[in-house]
Amino acid sequence: MGIAVGIDLGTTNSAVSVVRPTGKPEVLKNKEGDSITPSVVLFQSFGGPDEPLVGEQAKRQAAAFPDDIVQHVKRYMGDPSWRFDSSSGAQYSAEEVSAIILKRLKEDAEIALGEEVTDAVITVPAYFDDARRTATKQAGQIAALNVLRVLNEPTAAALSYGIDADANGTVLVYDLGGGTFDVTILKIAGTEFEVIATDGDRNLGGFDFDNALMSYLNEELKKQGAPDALEDVALMASLREKAEFAKKALSTVPKTNVQFSANDQHYRVPLTREEFNEVTQSLMVRTQELVADVLEASKLTWDDIDKVLLVGGSTRMPAVRELVEQMSGKSPELDVNPDEAVALGAAIQATLEGDIEVSTEQVGSKATVESFLGGPVHISDVTSQALGVILIEADGVTEFNQVMIERNTKVPAKTELKTKTAYDRQTAVHVKVTQGDERDPQNVTIVGEGQLEIPVYPKGSPLRVSYEYDVDQTVVVEVHDLTANKSLGTIKIERVANLGEGELGEMEQKIGGMQIN
Numbered sequence: 018m019g020i021a022v023g024i025d026l027g028t029t030n031s032a033v034s035v036v037r038p039t040g041k042p043e044v045l046k047n048k049e050g051d052s053i054t055p056s057v058v059l060f061q062s063f064g065g066p067d068e069p070l071v072g073e074q075a076k077r078q079a080a081a082f083p084d085d086i087v088q089h090v091k092r093y094m095g096d097p098s099w100r101f102d103s104s105s106g107a108q109y110s111a112e113e114v115s116a117i118i119l120k121r122l123k124e125d126a127e128i129a130l131g132e133e134v135t136d137a138v139i140t141v142p143a144y145f146d147d148a149r150r151t152a153t154k155q156a157g158q159i160a161a162l163n164v165l166r167v168l169n170e171p172t173a174a175a176l177s178y179g180i181d182a183d184a185n186g187t188v189l190v191y192d193l194g195g196g197t198f199d200v201t202i203l204k205i206a207g208t209e210f211e212v213i214a215t216d217g218d219r220n221l222g223g224f225d226f227d228n229a230l231m232s233y234l235n236e237e238l239k240k241q242g243a244p245d246a247l248e249d250v251a252l253m254a255s256l257r258e259k260a261e262f263a264k265k266a267l268s269t270v271p272k273t274n275v276q277f278s279a280n281d282q283h284y285r286v287p288l289t290r291e292e293f294n295e296v297t298q299s300l301m302v303r304t305q306e307l308v309a310d311v312l313e314a315s316k317l318t319w320d321d322i323d324k325v326l327l328v329g330g331s332t333r334m335p336a337v338r339e340l341v342e343q344m345s346g347k348s349p350e351l352d353v354n355p356d357e358a359v360a361l362g363a364a365i366q367a368t369l370e371g372d373i374e375v376s377t378e379q380v381g382s383k384a385t386v387e388s389f390l391g392g393p394v395h396i397s398d399v400t401s402q403a404l405g406v407i408l409i410e411a412d413g414v415t416e417f418n419q420v421m422i423e424r425n426t427k428v429p430a431k432t433e434l435k436t437k438t439a440y441d442r443q444t445a446v447h448v449k450v451t452q453g454d455e456r457d458p459q460n461v462t463i464v465g466e467g468q469l470e471i472p473v474y475p476k477g478s479p480l481r482v483s484y485e486y487d488v489d490q491t492v493v494v495e496v497h498d499l500t501a502n503k504s505l506g507t508i509k510i511e512r513v514a515n516l517g518e519g520e521l522g523e524m525e526q527k528i529g530g531m532q533i534n
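The sequence shown begins at 18 in my numbering and counts up one residue at a time.
Spelled out as structure tokens, the structure:
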């Protein structure tokens, strides 16, 4: 049997972790000896099929080969229109690029452990919707992983933090990663983890801070006579590299110089931490607003919050700590590694979820985890998105979105809707499933649709349709025939934003046979 690992598949960096025989999780080193692997893929070809290069070496070549580099692919998960065309003529979906990263992480873990890795818990932002969660699971499948569960990143971080005996209390997790922001409130009581409320923005992260700084630097460079870097792919890649480096430098020093070259000319832009904070202030305010929203949703105040966790590499920015301390009146916990906490929590969940027996002394089991933590672990999470269905108004024409399961409802969650056949000799029930709070169908996301055959009944025959969120926050719809008092079965939701089974099979073969470095 293989080993179950936890994977933090990040926008900018990824990590893989495993539970050791002591019951304690540990981040595994990659083949370069690093615990973090940049989520960067360089598509290179040597006269044959692509041989992707993943990680630090790929990131270092981003400026030199901007047309062959894919970064921040996590932002495109669940987008069926996104494709990357490599120089060899091959085309890749976001799921395939993510699968390439996952395959590299899987192989690195197998080298570190000396055993086959077969199963994984993969983390996702709490605010990911059904399409993005499904896309993440499909990426794992393409990478030859059995995805035991997709776990919310803040919940994973809290799980790893909860190893500490003093972790009990109401905790707010402020999770600012490379591409997403989540804020989650949960209660920890021993080995009980109860999520109360979550909110976030899947398009708010370190990437956006880099973009804001790039725009500022570009204007300053143009004042010195430099060409517009945002109009040239190679110059833009170089400027992004410089902006990211400056951002990280300003986390430890109050000022720095940005050196930039273009058309054989060299330029220098002095940059202070105060200038960086001013440029990115609107982004910080956005995180502040989301924190306020989740406090309101949880019906708690800062007085009710015992501890604050900072998770995600972008929380290293001094402005984040200053904002959190200003908002909460509390100092964030210092014993949390923002880069590793999510992967560590995922490893714990993977061991609890898989409970796989392995022929190695290098990894732990469910029993060792529970012994280490002091008892069985129970995690109660909530929905990050409202689940609904498209219905017809009394006029028989106008469509509206009916919310079936409210946001921040505990999962798994289930609700029912009683309806009737709309006409004589109706032979099927057709369902459109939505995510979002708005009544107007134009303002919600259509997750997918499907239909189920029903017995031929007169108009007005009663039916009951149940809607369910499972622990992965994916959707299940079941139809009950109230005339015969029996279930007619589950509707297979054809997800409009995700891959079909045929596509998945083809991609498994394509990526499975690929040499990844």
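All C-beta atoms, glycine included, are put in the ideal place defined by N, C-alpha and C.
In this text, all values refer to a predicted model and were calculated from it rather than measured experimentally.
Inset, instruction - Pull up the CB-CB distance for A116 and A156, whole angstroms please, since I reckon it's below 8 Å. - result: 5 Å
Inset, instruction - Please report how far the alpha carbon of E132 lies from the alpha carbon of N534, in whole angstroms. - result: If you draw a straight line from the Cα of E132 to the Cα of N534, it is about 19 Å long.
Legend entry - G330, buried or exposed, once every other Cβ within 10 Å from all chains shown has been counted against 16: buried
Legend entry - Counted within 10 angstroms of its Cβ, other Cβ atoms place N280 as buried (16 or more) or exposed: exposed
Legend entry - The alpha helix (DSSP H) enclosing M334, as first and last residue numbers: From DSSP, M334 is part of no alpha helix (DSSP H); its letter is neither H nor E.
Legend entry - CA-to-CA distance, E470 to N354, given in whole angstroms: 52 Å
Legend entry - Rounded straight-line distance, which links the Cα of S31 to that of P42: 16 Å
Legend entry - Under 7 Å between C-beta atoms of I213 and A137: For the 7 Å CB-CB criterion, I213 and A137 do not form a contact.
Inset, instruction - Note down the Cα distance separating A403 from V450, rounded to an integer number of angstroms. - result: Each residue's alpha carbon lies about 11 Å from the other.
Legend entry - Beta-carbon spacing of D199, Y144 below 7 Å: yes
Inset, instruction - Going by DSSP, name the residue or residues bridged to L165. - result: Answer by DSSP bridge pairing: none, since L165 is not bridged.
Inset, instruction - Figure out for me which residue from L369, K431 and Q78 has the closest Cα to the Cα of K383. - result: L369
Inset, instruction - Quick one: which unbroken beta strand (DSSP E) runs of 3-plus residues sit fully inside the stretch 362 to 422? Chain order, please. - result: 395 to 399, 404 to 409 and 416 to 422
Legend entry - Where L221 falls: helix, strand or coil (DSSP): coil
Inset, instruction - With a threshold of 16 other CB atoms inside 10 Å of the CB of K123, please say whether the residue is buried or exposed. - result: That one is buried.
Inset, instruction - Under 6 Å Cβ to Cβ from P537, same chain only, skipping five residues before and after it: list those, please. - result: In the structure displayed, the chain extends from 18 to 534; residue 537 sits before or after that span and is not available.
Legend entry - Sequence ranges, alpha helix (DSSP H) only - wholly within the stretch 61 to 86, length at least 4: 73 to 77
Inset, instruction - Taking only the alpha-carbon atoms, compute the straight-line gap between Y486 and V492 and give it to the nearest angstrom. - result: 5 Å
Inset, instruction - Rounded to whole angstroms, what's the CA-CA distance from A314 to R166? Just pull it up for me. - result: A314 and R166 have their C-alpha atoms roughly 26 Å apart.
Legend entry - Coil, strand or helix - V138 by DSSP: strand
Legend entry - Same chain, Cβ closer than 8 Å to S52, neighbours up to 5 away in sequence not counted: Excluding sequence positions up to five before and after S52, its CB lies within less than 8 Å of the CB of A32, V44, L45, K46, D356 and E357, all in the same chain and listed in chain order.
Legend entry - Element boundaries [alpha helix (DSSP H), containing F145]: No alpha helix (DSSP H) holds F145; DSSP gives it neither H nor E.
Inset, instruction - Compute the distance between the beta-carbons of E113 and M524, then report whether it is under 7 Å. - result: yes
Legend entry - Close-in-space but distant-in-sequence residues of the same chain around S376 (CB under 6 Å, 5 per side omitted): Note that S376 scores 49 on pLDDT, short of 50, meaning its location in the model is unreliable and no value can be drawn from it.
Inset, instruction - Using DSSP bridges, identify the partner residues of L59. - result: L70 and I86
Legend entry - Selected residue, minimal CA-CA separation from R37, among G405, G362 and H497: G362
Legend entry - Given G506 as reference, the closest of D489, K527 and R481 once Cα atoms are compared: Out of D489, K527 and R481, R481 has the C-alpha closest to the C-alpha of G506.
Legend entry - Close-in-space but distant-in-sequence residues of the same chain around A514 (CB under 6 Å, 5 per side omitted): Scanning its chain for C-beta atoms nearer than 6 Å, with the 5 sequence neighbours on each side dropped, one finds around A514 the residues G95, P97 and A148, in chain order.
Inset, instruction - Select from G467, L119 and K259 the residue whose C-alpha is nearest the C-alpha of M531. - result: L119
Legend entry - Simplified DSSP state of P429, which is helix, strand or coil: coil
Legend entry - Buried or exposed (CB count within 10 angstroms, at least 16 for buried), V35: buried
Legend entry - Beta-carbon contacts of Q241 that lie in its chain and below 6 Å, excluding the five residues immediately before and after: Here Q241 has Y284 as same chain residues with Cβ atoms under 6 Å from its own Cβ, once five neighbours each way along the sequence are excluded.
Inset, instruction - Quick one: residues in its chain with C-beta nearer than 8 Å to the C-beta of R333, no 5 flanking neighbours on either side, listed in chain order? - result: K265, S268 and P355
Inset, instruction - Return the CA-CA distance between Y109 and I202, expressed in angstroms with no decimal places. - result: 37 Å
Legend entry - Residues near E520 in its chain [Cβ-Cβ closer than 7 Å; skip 5 each side]: Excluding residues within five positions, none has a Cβ falling inside 7 Å.
Inset, instruction - Compare the Cα-Cα distances from Q88 to each of V328, S504, G196 and S483 and report the closest residue. - result: Closest option to Q88, Cα to Cα, is G196.
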